[in-house]
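Trainee: Structure below; questions to follow.
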Amino acid sequence: MGAALEQLKVQYIQQNRAFQLVEKAEGWQLATDPAFAKWVRQLFPAPKPARLSAPALETLAIIAYRQPITRADVEAVRGVNIDGVLQTLMERGLVKIAGRAEIPGRPLLYETTQFFLDHFGLRSLDELPNAEELRRRNLPVAQPSAVPESPASPQAGATNSE
């Protein structure tokens with residue numbers, strides 16, 4: 099099957115088709131060839147997606163490189179409360195709950211989603227720049243506490259929200 103898709107991919111390129119086969123993390127996608135994007139945009143104008151704020155991008159990067167990670171550990175790296183930012187990332191489908199940590203209080207663990215990979219054009223997390231080097235770095239971690247962590251939810255007076 100893979101050989102047939104590769105052959106079809108080459109054939110589309112040789113025939114200068116308006117579409118191409120692109121290998122993704124979970125299979126193949128038929129997509130517009132970038133050379134024809136200008137015409138497709140004229141036919142189907144898309145609304146501009148809201149951009150992520152700098153705090154959201156920073157939080158997303160920490161989660162991507164250190165996943166699965168607790169909210170408290172992300173806050174230890176960033177030095178600020180991330181409740182609002184984390185909620186935004188979850189609403190946009192970039193981050194999801196991955197389970198619970200096996201430490202006192204069993205806090206929630208967060209990880210990136212398949213949509214995160216697709217959105218940033220990655221097949222796997224190994225394609226992140228300098229992924230291994232950043233994973234080996236000793237970043238701050240939260241001190242264990244007996245207070246259980248709840249899922250991210252907007253709170254009155256939460257700081258660093260979007």
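Residue numbers (my numbering): 99 to 260.
Beta carbons: idealized from backbone N, C-alpha and C, even for Gly.
All of these numbers come straight from a predicted model, not from anything done at the bench.
#1: Look at the alpha carbon of Leu-220 and the alpha carbon of Val-138, and state the distance between them as a whole number of angstroms.
#2: Measuring straight from C-alpha to C-alpha, what distance separates Gln-212 and Gln-109?
#3: Which first and last residues belong to the beta strand (DSSP E) in which Glu-209 is found?
#4: Please confirm whether Val-193 and Leu-187 have their CB atoms less than 7 angstroms apart.
#5: Count the other CB atoms, across all protein chains shown, that sit within 10 Å of the CB of Pro-205; report buried if there are 16 or more and exposed otherwise.
#6: In the DSSP assignment, find the unbroken beta strand (DSSP E) run with Gly-197 in it and report its ends.
#7: Out of Val-183, Glu-230, Val-172 and Gln-105, point me to the one whose CA is closest to Arg-149's CA.
#8: In terms of alpha-carbon separation, which member of Glu-230, Glu-209 and Glu-121 lies closest to Arg-198?
#9: With C-beta atoms as the reference, is Ala-170 less than 7 angstroms away from Ala-240?
#10: Who are the Cβ neighbours of Val-172 in its own chain at under 7 angstroms, not counting the five residues just before and after it?
#11: For Gln-118, which of helix, strand or coil comes out of DSSP?
#12: What's the gap between the Cα of Asn-236 and the Cα of Glu-230?
Mentor: The answer reads as follows:
#1: As a working note, residue 220 is residue 122 in the sequence shown. As a working note, residue 138 is residue 40 in the sequence shown. Roughly 23 angstroms separates the two Cα atoms.
#2: As a position in the sequence shown, residue 212 is number 114, starting the count at 1. As a position in the sequence shown, residue 109 is number 11, starting the count at 1. Going by the C-alpha atoms only, they are around 28 angstroms apart.
#3: Position 111 of the sequence shown, counted from the first residue, corresponds to residue 209. Unbroken beta strand (DSSP E) run through Glu-209: 206-210.
#4: Walking along the sequence shown from the start, residue 193 turns up at place 95. Walking along the sequence shown from the start, residue 187 turns up at place 89. Cβ atoms of Val-193 and Leu-187: closer than 7 angstroms.
#5: By one-based count along the sequence shown, residue 205 stands at place 107. Pro-205 comes out buried.
#6: Walking along the sequence shown from the start, residue 197 turns up at place 99. Gly-197 -> beta strand (DSSP E) spans 193-198.
#7: Reading the sequence shown from its first residue, position 51 is the one you call residue 149. Closest by alpha carbon: Val-183.
#8: Here residue 198 corresponds to residue number 100 of the sequence shown, with the count starting at 1. When each option's Cα is compared against that of Arg-198, the closest is Glu-209.
#9: Translated into the one-based positions of the sequence shown, residue 170 becomes position 72. Translated into the one-based positions of the sequence shown, residue 240 becomes position 142. The answer is yes: Cβ separation under 7 angstroms.
#10: In the sequence shown, residue 172 corresponds to position 74, counting from 1. Around Val-172: Thr-157, Ile-160, Ile-161 and Ile-180.
#11: Counting from 1 along the sequence shown, the entry for residue 118 is found at position 20. Gln-118 falls in the strand class under three-state DSSP.
#12: Numbered from 1 along the sequence shown, position 138 holds the residue referred to as residue 236. Numbered from 1 along the sequence shown, position 132 holds the residue referred to as residue 230. Rounded to the nearest angstrom, the two C-alpha atoms are 12 angstroms apart.
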